[in-house]
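Data first, discussion second: the structure below is written as structure tokens.
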Amino acid sequence: MAELSLGEMTAQLERMGIGSEGCMTKEDCVARLLEFKAALDAKDRAGAGAGADGEAQGAHGAAAAGVQGGRRVDGDGVNAGALRCPRCTARLVSRKATLVERAGGSAGGEPGGEQPAEGLPLAVPLPDGTWEETRHRWWWRLADHNDFDNVAMSHFHDTPHGRQRYPLCPECMLGPLGLQTEGCAEVLLACELLTQQDLALASDAQDFRAPPGVDVGTLKHMMAAGMGSVTFPVTFAEQRLGLQIQDVEGEPGAVEVAAFTEQDGVLGPAELCGKIQVGDRPVRVNGDSCLGLDYAAVLDLIIGAARPVTIVFERGATMGARVQGGSAGARVAHEEWAPASPDAARDPPPGPPAS
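What the sequence shown shows, in our numbering, is residues 881 to 1235, in sequence order.
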């Protein structure tokens, strides 16, 4: 499927009745589509709420709405519900997040002795250039932003506590709801800024439906045109995968599949599985985040992982465009890669490494 141009995207928005005024880039088109979806979903929820009456319905509605600041966890300390925006109820996280207590210090670092014990600071920039700071003791910790069901992330800001960016509700843009420190994959969400709902009362069909007036085919076409990306897991029992990876040019901390490898004429399981393409990006290995790592560290993670190993890949329509033409079958001879010892310094090989 051909990639849509900016003109075609804006024309599509006009045909959908959304309007494209001010959309100067493809990212602007994506943001306009999300804003349109948020407005329609909020209207739907308001209409549904207006029709509910009676004590039983009211009790069910209260349970369905969830608990502001709820901290219910399972036996492993993991969120036992659905975390939602308190304003528009958009679902942000289902399980996954781990409950942590932060009594001071900076996100992504060691607690500082001079920090007061009221909680970790969340500093928010104000229009006049000053900062408004609140402190929160209880946080939901996500390994990285891929653990979200749905989220919008701000740009990084120079804050009093280092460079940070903020998770926002993707539908009503409420936020910040937490923080992420530059160079650190983990994302923290302040418990009291979210609503926790019993996961049994959540509905995937309602939470993740296509916007009214936009069919699934249209959304798939827009995703294929580069207006979004998808993630998917692949599990391997084999030690050698036949996968060559490299750093993404111009994107520090991101790696991509450069080619598949063969050994003595034998193809590797990565190519044979038929699920992976050149340009796909490994983002998680057996639950460990790859974000912020270079190709050597990611390859060490893959080779050193217990088998079976599950690798989560991210794919966007434009990700593989510069990697050998984005071919699904680019193939090179296999070269062994020796994982580094924890204390060893190592120069990278001249070409991309293989697993």
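Virtual Cβ for every residue (Gly too), placed ideally from N, Cα, C.
| query | result |
| --- | --- |
| Please state the DSSP three-state secondary structure of His-1035. | coil |
| Quick test of the definition: if touching needs 3 or more C-beta pairs under 8 Å, does the stretch 1001-1010 touch the stretch 1046-1059? | yes |
| Just curious, the beta strand (DSSP E) that Pro-1149 is in, first and last residue? | Segment 1149-1152 is the alpha helix (DSSP H) holding Pro-1149; no beta strand (DSSP E) there. |
| Ordered along the chain, which non-local residues of its own chain (more than five positions away) have a Cβ less than 6 Å from that of Ala-962? | Arg-971, Ser-974, Gln-1077, Leu-1079 and Ala-1082 |
| Contact check, Asp-1024 vs Lys-976 under 8 Å by CB: the rounded distance? | Going by Cβ atoms, the distance from Asp-1024 to Lys-976 rounds to 11 Å, so no, they are not a contact pair. |
| Should Trp-1020 and Cys-1071 be called a contact, given that it needs their Cβ atoms to be closer than 9 Å? | yes |
| For Gly-1063, does the three-state DSSP call read helix, strand or coil? | coil |
| Is Arg-1161 near Ala-1134, with beta carbons less than 9 Å apart? | yes |
| Might you give, ordered along the chain, the residues of its own chain that have their beta carbon closer than 6 Å to the beta carbon of Ala-1185, omitting 5 neighbours on each side? | Val-1165 and Asn-1166 |
| So what's Thr-969 in DSSP terms, helix, strand or just coil? | coil |
| Determine the DSSP secondary structure at Ile-1156, reduced to helix, strand or coil. | coil |
| What residues in its chain sit with their C-beta under 8 Å from that of Arg-1015, if we drop five residues either side in the sequence? | Pro-996, Glu-998, Gly-999, Leu-1000, Pro-1001 and Leu-1002 |
| Taking DSSP as the reference, what is the three-state secondary structure of Ala-977? | coil |
| Restricting to Cα atoms, I'd like to know which of Leu-1121, Leu-1074, Met-889 and His-1037 is closest to Arg-1187. | Leu-1121 |
| CB-CB under 6 Å to Leu-1022, same chain, minus the five flanking residues each way: which ones, in chain order? | Ala-977 and Val-1067 |
| On the DSSP bridge list, what partners appear for Gln-948? | Thr-1075 |
| Using CA coordinates, which residue listed in His-1035, Arg-1017 and Asp-1029 is at the minimum distance from Leu-1073? | Arg-1017 |
| Beta-carbon separation of Arg-1211 and Thr-1115 under 9 Å? | no |
| Quick check on this structure: which residue in Asp-1144, Ile-1156 and Val-1178 has the alpha carbon closest to the alpha carbon of Val-1268? | Here the chain comprises residues numbered 881 to 1235, so residue 1268 is not present and cannot be evaluated. |
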